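Just so we're aligned: the sequence shown equals residues 1 to 318 in full-length UniProt numbering.
Backbone N, C-alpha and C define an ideal beta-carbon position, used for all residues, glycine too.
Values in this document were obtained by computation on a predicted structure and should not be read as measured data.
Here is the structure we will look at, set down as structure tokens.
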Amino acid sequence: MCELKALAAVLEEYGRPLVIKEAEIGEGILLKVIASGICGRDLVIWRGGFRNLRPPLVMGHEIYGELDARPYGIYGMESCGRCRFCLSGKENLCEDTRFFGEKRPGGYAKFVAVEERNLFPLPDTQYEKYAAGVCPLATAIHSSKLAGVRAGDRVLVTGAGGGVGIHMIQYLRLLGANVVSVTSPEKARYVSHYSDEVITEREFSRYVGEVDHVMELVGSETVNESLRALKREGTLVLVGNVTGSEISLKRPALTIMREQRIVGSAAYTKAETMEAVKLIHEGRIKPVFKRYRLDQVNEALNELSRGSVLGRAVLVME
1 MCELKALAAV LEEYGRPLVI KEAEIGEGIL LKVIASGICG RDLVIWRGGF
51 RNLRPPLVMG HEIYGELDAR PYGIYGMESC GRCRFCLSGK ENLCEDTRFF
101 GEKRPGGYAK FVAVEERNLF PLPDTQYEKY AAGVCPLATA IHSSKLAGVR
151 AGDRVLVTGA GGGVGIHMIQ YLRLLGANVV SVTSPEKARY VSHYSDEVIT
201 EREFSRYVGE VDHVMELVGS ETVNESLRAL KREGTLVLVG NVTGSEISLK
251 RPALTIMREQ RIVGSAAYTK AETMEAVKLI HEGRIKPVFK RYRLDQVNEA
301 LNELSRGSVL GRAVLVME
């Protein structure tokens, strides 16, 4: 065990550019970071959406790299291992969690300190693919279980061209679902490769159709149109709320009279993480991402905020 500083991108003030500097990375086993994904959760943190957090912060919970010249990943959330949820295999609902990049320094750094129980071996050294795909794919696996998606179901996905969305629609196709994707006009062509139907954001307000499930990745901006498209007794899984804005139902009577279910989806379990690693390693899911160097982190955050990145943004430590 040791404690040290490492070159990192540090959030010193919400909404402001990150600063590249030497920063404390805590205590633990040292993993040399090769690639670190930028999650939508990181954008919410950067904007100040988590009121319990205080800068300075080294963000990033999608962390992949080397230990003793061997490839490893890090479970992005530390769980207590003792509460009733951890003991039942639902550590994503742990009552005492610590996310990397929040309550302890994360992967926007050359090194990260980690406890051994949070490390897992990788089957190969394609670090960038895992940094791009594991978190969103594990999210897709978990939320699809919550919804009870089956082959032949019609599933609508908002934000389908984003980091979670582009991997979500691939996974739903793998399950045999019929995928209805909502995305920007710029991303529609690529998204159509994994969709049975593509609706642009501008067209969504006029969409007529009933779906069995909705994977709501955007949140406040699209949730009401999503509920309008959801059938009676259908399920909307609330996976994300990208702006952090308050979510309000414009037509609550519609949800009441249709007996629609709204279910939250909290990250994913360790078992689902390893399922995602396996699917990527076997080539059954194709990670979609854009590379950035650590010193390009602010460019990455700004492009993600504008919605101009197809899939995930990945920081590569060169």
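Is residue i buried or exposed, if buried means 16 or more other CB atoms sit within 10 Å of its CB?
i, result
"residue 154", "buried"
"residue 96", "exposed"
"residue 302", "exposed"
"residue 206", "exposed"
"residue 213", "buried"
"residue 87", "exposed"
"residue 253", "exposed"
Take residue i as the anchor and find which of the options has the nearest alpha-carbon.
i, options, result
"residue 290", "59, 35 and 20", "35"
"residue 267", "115, 162 and 40", "40"
"residue 251", "197, 224 and 125", "224"
"residue 46", "102, 85, 72 and 68", "102"
"residue 111", "74, 16, 120 and 94", "74"
"residue 64", "146, 205, 25 and 122", "122"
"residue 117", "77, 233, 124 and 259", "77"
"residue 197", "173, 37 and 67", "173"
"residue 232", "58, 260 and 187", "260"
"residue 192", "208, 166 and 278", "166"
"residue 108", "178, 81, 169 and 32", "32"
"residue 256", "234, 271 and 50", "234"
Can the beta-carbon of residue i be found less than 8 Å from the beta-carbon of residue j?
i, j, result
"residue 18", "residue 297", "yes"
"residue 56", "residue 14", "no"
"residue 106", "residue 60", "yes"
"residue 329", "residue 211", "Because residue 329 is not part of the residues shown, which for the chain are 1 to 318, the question remains open."
"residue 276", "residue 146", "no"
"residue 29", "residue 114", "yes"
"residue 310", "residue 190", "yes"
"residue 201", "residue 184", "yes"
"residue 129", "residue 161", "no"
"residue 171", "residue 199", "no"
"residue 281", "residue 124", "yes"
"residue 294", "residue 20", "yes"
"residue 314", "residue 131", "yes"
Ignore the nearest five residues each way along the sequence and tell me which others in residue i's own chain have a CB closer than 6 Å to its CB.
i, result
"residue 264", "238"
"residue 218", "158, 159 and 242"
"residue 120", "73"
"residue 127", "34, 35 and 64"
"residue 286", "none"
"residue 178", "154 and 196"
Closer than 7 Å by C-beta to residue i: which residues in its own chain qualify, once you throw out the five before and the five after it? Chain order, please.
i, result
"residue 90", "269"
"residue 93", "85 and 266"
"residue 176", "151 and 152"
"residue 247", "219, 220, 223 and 241"
"residue 135", "37, 39, 62 and 76"
Please work out which residues of its chain come closer than 8 Å, Cβ to Cβ, to residue i, disregarding the five sequence neighbours upstream and downstream, and give them in chain order.
i, result
"residue 1", "Annotation note: pLDDT 47 at residue 1 (below 50); position unreliable, coordinate value reported separately. The answer, listed in chain order, is 27, 28 and 29."
"residue 22", "5, 6, 7 and 8"
Complete alpha helix (DSSP H) runs within the segment 52-113 (minimum length 4 residues, chain order): Taken in chain order, the complete alpha helix (DSSP H) segments of 4 or more residues contained in the segment 52-113 are 84-87.
Restricting to runs no shorter than 4 residues, where is the alpha helix (DSSP H) found entirely within the segment 187-272? Counting only runs of 4 or more residues that sit fully inside the segment 187-272, the alpha helix (DSSP H) segments are 188-191, 223-229 and 252-258, in chain order.
Could you tell me which whole beta strand (DSSP E) segments of length 3 or greater appear in the segment 103-176? Listed in chain order, the complete beta strand (DSSP E) runs (minimum 3 residues) inside the segment 103-176 are 111-114, 119-121 and 154-157.
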